[in-house]
Amino acid sequence: MVLINVKDIGAVGDGIADDTSKIIEAISMLRKSSWTGLEGGGTLFFPAGKYRVTKTIRFVNHGIEIIGEQAVNTLIIPSNNFVGDTVFDFAFNGEETEWNWSYIRNIIYLYARWWGRYL
1 MVLINVKDIG AVGDGIADDT SKIIEAISML RKSSWTGLEG GGTLFFPAGK YRVTKTIRFV
61 NHGIEIIGEQ AVNTLIIPSN NFVGDTVFDF AFNGEETEWN WSYIRNIIYL YARWWGRYL
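Numbering (UniProt numbering), first residue to last: 1 to 119.
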């Protein structure tokens, strides 16, 4: 199983720094991974912190678990100058995608969309 800690990639999680590019980089690393016959899957782990993002983070492949350390202290929050209408967009459709499963656990986040529906 592939597990990527966003802080190992350079995300800060202090509520001030823009962590968008590091989160996207970690997702890209998972997309390139292979895990138990499932290409592009694994776990994206967020240690306790406040992760500020400035644009929509799009998931186009299945098999990614997004797990925070604890729901009470792991937050993903849009910045004041956020571009887009949702923080997470799980768009498992289109030519390059397949649908099987993905999960979010132990994270508080605002403005997520799953299959075109806001959560």
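C-beta: ideal position from N, C-alpha, C; glycine also. Model, not experiment: these values are computed from the prediction.
Span separating the alpha-carbon of residue 31 from that of residue 56: Approximately 17 Å, taken between the alpha carbons.
Residues in its own chain within less than 7 Å of residue 11 by CB, not counting five upstream and five downstream? Apart from sequence neighbours up to five positions away, the residues of its chain that approach residue 11 with a beta-carbon distance below 7 Å are 19, 22, 23, 51, ordered along the chain.
Among 104, 8, 17, 5, nearest to residue 80 - alpha-carbon criterion: Among 104, 8, 17, 5, the Cα nearest to that of residue 80 is on 17.
Taking all protein chains shown into account, do 16 or more other C-beta atoms lie within 10 angstroms of the C-beta of residue 6, making it buried, or fewer, making it exposed? With 16 or more Cβ atoms within 10 Å of its Cβ, residue 6 is classed as buried.
Minimum C-alpha distance to residue 67 - residue among 82, 86, 53, 47: In terms of Cα proximity to residue 67, the closest of 82, 86, 53, 47 is 47.
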